[in-house]
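Be aware that the sequence shown starts at 1319, since it is given in the numbering used here, and climbs by one per residue.
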Amino acid sequence: VQLQASGGGLVQPGGSLRLSCAASGSIFSINRMGWYRQAPGKQRELVAAITSGGITTHADSVKGRFTISRDNAKNTMYLQMNSLKPEDTAVYYCNLYYYSNSRSYDYWGQGTLVTVSS
């Protein structure tokens, strides 16, 4: 399984970006995909996650500003980020997790840098 994240870049405060994460390979149909981020000197944190059934969760720090979604037919996940703040600056990683045949599978993409600065 491979995860390819894209869509990061430099944006001014208050601006928007849309991240995408495309998954390829043999993927169990029942799974959870998520976006994590890691700012310099900080631990990686969960930003938002979505199950294959469409159940979502968002970190308190991004609620009302970020929206996670997915297209199961394309095995692709998105993160729409609005009203961006300098504190959103981080490397954003996509994650795919599923459990099958008594074993868990956990995959990570390569990360995409989001910089919010004027």
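For each residue, glycine too, the CB sits at the ideal point set by N, CA and C.
If you draw a straight line from the alpha carbon of residue 1401 to that of residue 1408, how long is it in whole angstroms? 15 Å
For residue 1433, I'd like the list of residues in its chain whose CB is within less than 6 Å of its CB, leaving aside the five on either flank, ordered along the chain. 1328 and 1407
Using 8 Å as the threshold, is the C-beta distance between residue 1350 and residue 1363 below it? no
Indicate whether the contact test is met: 3 or more Cβ pairs, each with one atom in the segment 1367-1374 and one in the segment 1384-1397, closer than 8 Å. yes
For the 8 Å Cβ check, are there 3 or more pairs between the segment 1325-1340 and the segment 1389-1400? yes
Taking the alpha-carbon of residue 1343 as reference, which of 1431, 1436, 1423 and 1430 has the nearest alpha-carbon? 1423
Hey, quick one: how far does the beta strand (DSSP E) through residue 1321 stretch, first residue to last? 1320-1324
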